[in-house]
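For the sequence shown, the numbering used here begins at 167 and goes up steadily by one.
What follows is a short report on a single structure.
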Amino acid sequence: MPGMAAQDARVGTARSNPGVAHPSRGRCRFCCAPLSHVFADLGVSPLANSYLTAEALGEPELFYPLRALVCGECLLVQLEEYESPAGIFSEYAYFSSYSSSWMEHSRRLAELAIARFDLGPGSRVVELASNDGYLLQHFVRRGVSILGVEPAVNVARVAEERGIPTVVEFFGRDTATKLVADSRADVVFALNVLAHVPELNDFVAGIAMLLGPEGVAVLEFPHLQRLIEGRLFDTIYHEHFSYFSLHTVRRILAHQGLTVFDVEEVPTQGGSLRLYVRHEADVSKPVDASVGELARRESEAGLDTLEPYLSFGAVVGGVKRRLLEFLIGLRQDGKSIVGYGAPAKGNTLLNYCGVSAALLDYTVDMSPHKQGRYLPGTRIPIEEPGALAWTRPDVVLILPWNLREEIVRQHAYVREWGGRFAVPLPHATLIE
Ligand SMILES: [Zn+2]
Numbered sequence: 167m168p169g170m171a172a173q174d175a176r177v178g179t180a181r182s183n184p185g186v187a188h189p190s191r192g193r194c195r196f197c198c199a200p201l202s203h204v205f206a207d208l209g210v211s212p213l214a215n216s217y218l219t220a221e222a223l224g225e226p227e228l229f230y231p232l233r234a235l236v237c238g239e240c241l242l243v244q245l246e247e248y249e250s251p252a253g254i255f256s257e258y259a260y261f262s263s264y265s266s267s268w269m270e271h272s273r274r275l276a277e278l279a280i281a282r283f284d285l286g287p288g289s290r291v292v293e294l295a296s297n298d299g300y301l302l303q304h305f306v307r308r309g310v311s312i313l314g315v316e317p318a319v320n321v322a323r324v325a326e327e328r329g330i331p332t333v334v335e336f337f338g339r340d341t342a343t344k345l346v347a348d349s350r351a352d353v354v355f356a357l358n359v360l361a362h363v364p365e366l367n368d369f370v371a372g373i374a375m376l377l378g379p380e381g382v383a384v385l386e387f388p389h390l391q392r393l394i395e396g397r398l399f400d401t402i403y404h405e406h407f408s409y410f411s412l413h414t415v416r417r418i419l420a421h422q423g424l425t426v427f428d429v430e431e432v433p434t435q436g437g438s439l440r441l442y443v444r445h446e447a448d449v450s451k452p453v454d455a456s457v458g459e460l461a462r463r464e465s466e467a468g469l470d471t472l473e474p475y476l477s478f479g480a481v482v483g484g485v486k487r488r489l490l491e492f493l494i495g496l497r498q499d500g501k502s503i504v505g506y507g508a509p510a511k512g513n514t515l516l517n518y519c520g521v522s523a524a525l526l527d528y529t530v531d532m533s534p535h536k537q538g539r540y541l542p543g544t545r546i547p548i549e550e551p552g553a554l555a556w557t558r559p560d561v562v563l564i565l566p567w568n569l570r571e572e573i574v575r576q577h578a579y580v581r582e583w584g585g586r587f588a589v590p591l592p593h594a595t596l597i598e
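Following this line, the structure appears as structure tokens:
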């Protein structure tokens, strides 16, 4: 089964054009208030998906500040602006279809949407960040008219080869204007893309333009409450510009005349929200009780106040000290430790915590695009999973912790030589 560990590397595939400079540096990307509160300062880090070739090991690497701020006005958690080379998103080697758990998640979502919104011939479905067509393929056999929007040329080409019509562009108002000349959409999907969008208001305005009068937009993104409660600071990296609570995302959507009428919590990425969104004027869909219920729980956690955001930095420091203590303790007991997976989030974790090959001999990844390369910053080598059986490590630290059950199940043979699995978060520990 190919590359499931690559799931959370599903980044950099959509978004509006990252080469465009933000007009208001130092200000909130939603409400433009000046940014002065720090959520998490993770020092400096290379771009999380810039895996190194053997030849590149002789070259210096670029490190960028990695600091998440929270807006004192709208409470949007966001990365501060930094000068980004235009090439960040241009070479992108992640294909959604490499991830088995993500494929299953998508298949179920497609079936749910077909049934709930009665989609069939005559319906029009558009996906933003459609990648290799992993989701839209499920609508083809129902006769639904489909269109993907995907800026990564190589990924879009794979979708086209599969018969998924794909527009190769960054999405925003401009693209929406062109698309609605044809017709508006009954359903717009935007899965794991909102966090990656630098021009947030332009992207959401595009959704409002693209959506038919009674259309539904389905948005999924990691839930900030889960990030805070699960201490998942490793999901902060340069390609994730924004981190959303329901509280703040509702304001962002309302600003473009959109209303959340239903919300579900889904397990992807350590805990995500799936929002069902309609035009404010579309009263045919009443707002479900789930929306008020989740808003209430966020309020109880204080997410509509600054306090929990300002105390997160201290939590992150504690996680770092605990991970180092854990790994150093194992090494001093003579144990060998390797990693599992080379996800973007693993690079934030290892760079921030200062874990190099002195602690982690190597890591393995299912994706052939990563094997034979080195993790950025820490320069830990990436091997194929077969290396586990050849070298028989004592401890395998799972970097894509969101896939831990799948990984432990598929590599149960590690126990044959007494090997153990471990996770770094919410605190470093051996599992089972
Ligand atoms: Zn703001």
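Note that CB positions come from ideal geometry on N, CA and C, so glycine has one too.
**Inter-residue Cα distance where the pair is alanine 187 and serine 411** = Its pLDDT being 40, under 50, alanine 187 is placed unreliably in this model, and the value from its coordinates should be taken loosely. Going by the C-alpha atoms only, they are around 25 Å apart.
**Request:** Using beta-carbon positions only, say whether threonine 544 and serine 522 come within less than 8 Å of one another.
**Result:** yes
**Request:** Report whether the distance from the Cβ of alanine 114 to the nearest heavy atom of ligand 1 is below 7 Å.
**Result:** There is simply no residue 114 to check, as the chain begins at 167 and stops at 598 in what is shown.
**Request:** Indicate whether the contact test is met: 3 or more Cβ pairs, each with one atom in the stretch 526-535 and one in the stretch 492-511, closer than 8 Å.
**Result:** yes
**Request:** Could you round the C-beta distance between aspartate 470 and phenylalanine 427 to whole angstroms and report it? I think they count as a contact, below 8 Å.
**Result:** That pair is no contact at about 20 Å.
**Message:** Which of the three DSSP states is assigned to glutamine 173 in this structure?
**Reply:** With a pLDDT of 35 at glutamine 173, under the threshold of 50, the predicted position of this residue should be treated as unreliable, and no value is reported.
**Message:** Counting beta carbon pairs with one atom in the stretch 336-355 and one in the stretch 389-397, are three or more of them shorter than 8 Å?
**Reply:** no
**Prompt:** Quick one: is the Cβ of leucine 242 within less than 7 Å of any heavy atom of ligand 1?
**Reply:** yes
**Prompt:** Between proline 547 and methionine 269, what straight-line distance do the alpha-carbon atoms span, to the nearest angstrom?
**Reply:** 28 Å
**Cβ-heavy atom distance, phenylalanine 196 to ligand 1, below 7 Å** = yes
**Request:** Enumerate in chain order the residues of its own chain whose CB-to-CB distance from arginine 193 is below 8 Å, with the five nearest sequence positions on each side excluded.
**Result:** Ala199, Pro200 and Leu201
**Prompt:** Are serine 456 and valine 429 closer than 8 Å when you measure CB to CB?
**Reply:** yes
**Prompt:** Can valine 165 and leucine 496 be called in contact, C-beta distance under 8 Å?
**Reply:** Not covered by the structure: residue 165. The range shown for the chain is 167 to 598.
**Request:** Just grab the DSSP bridge partners of aspartate 158 for me.
**Result:** Because the chain here runs from 167 to 598, residue 158 falls outside it and cannot be looked at.
**Request:** Quickly, what does DSSP pair alanine 356 with across the bridge? List them, please.
**Result:** Leu294 and Leu385
**Asked** Between the Cα of isoleucine 312 and the Cα atoms of Gly372, Glu327 and Pro287, which residue gives the shortest distance?
**Response** Pro287
**Request:** Report buried or exposed for glutamate 293, applying the criterion of at least 16 other Cβ atoms within 10 angstroms of its Cβ.
**Result:** buried
**Message:** Just checking glutamate 239 against ligand 1 - is the residue's beta carbon closer than 7 Å to any of the ligand's heavy atoms?
**Reply:** yes
**Request:** With tyrosine 518 as the anchor, note down where its alpha helix (DSSP H) starts and where it stops.
**Result:** 510-519
**Asked** Would you report the Cα separation of serine 477 and phenylalanine 205, rounded to the nearest angstrom?
**Response** 8 Å
**Prompt:** Between valine 324 and alanine 279, is the Cβ-Cβ spacing less than 8 Å?
**Reply:** no
**Coil, strand or helix - proline 474 by DSSP** = helix
**Of the residues Leu357, Leu376 and Pro364, the one placed nearest serine 349, counting alpha carbons only** = Leu376
**Prompt:** Less than 8 Å separating the beta-carbons of valine 306 and serine 289?
**Reply:** no
**Prompt:** alpha helix (DSSP H) containing valine 304: first to last residue?
**Reply:** Note on identity: in this sequence residue 304 is histidine, with valine being the wrong assignment. Residues 303-306.
**Prompt:** Taking just the CA atoms, how far does histidine 535 sit from glycine 436?
**Reply:** 24 Å
**Asked** In terms of residues, what are the limits of the beta strand (DSSP E) holding alanine 234?
**Response** 230-236
**Prompt:** In its own chain, which residues sit with a C-beta less than 6 Å from the C-beta of glutamate 257, not counting the 5 before and 5 after it?
**Reply:** Any reading at glutamate 257 needs caution, since the residue's pLDDT is 47, under 50, leaving its predicted position unreliable; the model's value is listed next. Cβ neighbours of glutamate 257 beyond the five flanking positions: none.
**Item:** CB-CB length for tyrosine 230 against serine 216, believed under 8 Å
**Value:** Actually they are not in contact, since the Cβ atoms of tyrosine 230 and serine 216 sit about 10 Å apart, beyond 8 Å.
**Prompt:** Which runs of the alpha helix (DSSP H), 4 residues or longer, sit entirely within the stretch 537-592?
**Reply:** 553-557 and 570-576
**Asked** How long is the line joining the alpha carbons of proline 542 and alanine 508, rounded to whole angstroms?
**Response** 10 Å
**Message:** Output needed for arginine 599: all residues of its chain with C-beta closer than 7 Å, excluding positions within five of it in sequence on either side, in chain order.
**Reply:** Outside the displayed span of the chain (167 to 598) sits residue 599, for which this structure offers no information.
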